[in-house]
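Note that the numbering used here gives residue 68 to position 64 of the sequence shown, counting from 1, and the numbers run on in steps of one. Beta carbons: idealized from backbone N, C-alpha and C, even for Gly. One structure is given below, encoded as structure tokens.
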Amino acid sequence: AMIRCLVFDFDGTLVQSNEVKVRSYYQVVEPLGCPRQIVEDVLASPAPGDRYQVLGRIAEGLAKRGLLSEIRSPGEWAGKLADEYGALCEKAIAICPEVEGAAQTLGWLRHQGYGTFLNSATPQTNLCRLLALRAMERYFDGIYGGPASKAANLDAIFRAAKVAGREVLVIGDGDDDREAALAGGCHFAGLAEPGSPGPSRFTRPPEYTLDRLADVKRVIASIDRGSDQA
5 AMIRCLVFDF
15 DGTLVQSNEV
25 KVRSYYQVVE
35 PLGCPRQIVE
45 DVLASPAPGD
55 RYQVLGRIAE
65 GLAKRGLLSE
75 IRSPGEWAGK
85 LADEYGALCE
95 KAIAICPEVE
105 GAAQTLGWLR
115 HQGYGTFLNS
125 ATPQTNLCRL
135 LALRAMERYF
145 DGIYGGPASK
155 AANLDAIFRA
165 AKVAGREVLV
175 IGDGDDDREA
185 ALAGGCHFAG
195 LAEPGSPGPS
205 RFTRPPEYTL
215 DRLADVKRVI
225 ASIDRGSDQA
């Protein structure tokens with residue numbers, strides 16, 4: 005089957021926001037006198053989860069050390085901090101640089117008639133606002149965010165685009181993207197970290213590696229050639 009549809013992750017794939025998101029965790033708990041170690045330990049765990057889970061675990065760590073006022077439970081603190089975190093991130097991500105070639109590659113795909121979708125763990129409302137602030141909505145047929153999982157979002161994209169997994173190429177910079185693609189029977193291209201040889205942040209090498217986003221054209225051609233021969 006030929007590629008008909010492309011699904012992109014957002015943070016670190018289209019915008020250079022991974023560091024912004026990490027920095028915002030430290031910023032949002034700083035006023036509470038949070039030791040850096042608590043944040044570091046939660047973020048260093050194998051699957052830190054979404055912002056609510058991360059901040060929930062940070063809040064539990066703060067509560068254990070008696071650093072949270074008793075007025076709210078750790079769960080309520082996590083909700084309050086997640087709102088503040090969202091606002092901080094939004095301001096910074098609205099103006100951070102795009103990943104090199106993002107607009108150009110998306111524009112080319114649209115021009116060629118491919119379906120293009122966004123699949124991110126960022127909560128849906130924040131994600132839509134961010135795309136509006138960056139004037140990026142025009143590049144996508146659909147925008148899918150949290151709290152739904154990336155795998156559930158892919159299923160919704162299959163239905164919306166009327167495609168099968170093998171007609172879809174997923175592009176991302178993390179294992180969550182690779183695993184969702186695998187579960188959905190899609191092709192996957194992993195974006196390498198700029199300045200590092202190969203995609204160091206994947207636990208297993210992706211099916212295709214992109215040194216830069218513009219290489220998407222080459223990957224599509226390669227998959228399409230393979231399906232001609234099959």
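Asked	Found
Per-residue DSSP class, three states only, for Pro-127	strand
4 or more residues per run - each alpha helix (DSSP H) lying fully within the stretch 74 to 99	78 to 99
Selected residue, minimal CA-CA separation from Val-26, among Ala-5, Ala-82 and Gly-90	Gly-90
Cβ contact check for the stretch 75 to 82 and the stretch 50 to 65: 3 or more pairs under 8 Å	yes
Identity of the residue in Ile-99, Gln-108 and Gly-105 nearest Leu-137 by Cα	Ile-99
Cβ shell of Ala-160 (< 7 Å), same chain only, five flanking positions each side left out	Tyr-148
Three-state secondary structure assigned by DSSP to Ala-193	strand
Sufficient close CB pairs (3 or more, under 8 Å) joining the stretch 171 to 187 to the stretch 31 to 44	no
Sequence ranges, alpha helix (DSSP H) only - wholly within the stretch 105 to 150, length at least 4	106 to 116 and 128 to 137
Beta-bridge pairing of Leu-235 - partner residues as DSSP gives them	The chain is shown from 5 up to 234; residue 235 falls before or after that span and cannot be answered.
Near the ligand ADP: Asn-130 beta-carbon under 6 Å from a heavy atom	Ligands are entirely absent from the displayed structure, and the ligand ADP is therefore not among its contents.
Assumed close pair Thr-213, Val-103 - CB separation to whole angstroms, cut-off 8 Å	So it is not a contact: roughly 15 Å between Cβ atoms.
For Asp-15: DSSP bridge partner residues	Val-19
Three-state secondary structure assigned by DSSP to Tyr-71	Strictly speaking, residue 71 in this sequence is Leu, with Tyr absent from that position. Coil, per DSSP.
Cα-Cα separation, Tyr-118 to Leu-186	21 Å
Among Gly-146, Leu-47, Gln-116 and Thr-109, the one whose alpha carbon lies nearest that of Ser-28	Leu-47
Anticipated Cβ contact below 8 Å, Asp-181 with Asp-13, distance rounded	5 Å
Unbroken beta strand (DSSP E) run spanning Leu-214, endpoints	212 to 214
Cβ-based burial, Ile-62 [other Cβ within 10 Å; buried from 16]	buried
Identity of the residue in Met-6, Val-19 and Arg-8 nearest Gly-176 by Cα	Val-19
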